[in-house]
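Worksheet: the structure to be examined is printed underneath.
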Amino acid sequence: MAPTILLLVTFFLAFSASYLSIGEAEIDQLNGLKLNSHILQESIAKQINENPGAGWKAAINPRFSNVT
């Protein structure tokens, strides 16, 4: 019984450690994407507003400017 539990604990720790390192890499990648995000740029709002066929006006809301 004890070797079975030891084996299961070993596998659990090995897989959880690899999962955590993958999660850290995804967080770093996400932070890089946020820094390079083109979602809230005034150039995009300007491009939309200069298009007469757009049908709506774009604006930059300062309340949400740092949230993407």
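Residues -25 to -1, 1 to 43 in mature numbering (1 follows the signal peptide of the UniProt record, and there is no 0) are what the sequence shown spells out, letter by letter.
For glycine and all other residues, C-beta sits at the position ideal for the given N, C-alpha and C.
| query | result |
| --- | --- |
| Pair within 8 Å by beta-carbon distance, A29 and I35 | no |
| Reduced DSSP secondary structure (H/G/I, E/B, other) of A29 | coil |
| For E17 and V(-17), the rounded distance between their alpha carbons | 53 Å |
| Close Cβ partners of A33 (< 6 Å) along its chain, the five nearest in sequence each way excluded | A20, I23, N24 |
| Sequence-distant residues of its chain with Cβ nearer than 8 Å to residue 78 (five each side left out) | The requested residue 78 is not part of the displayed model; the chain covers only -25 to 43. |
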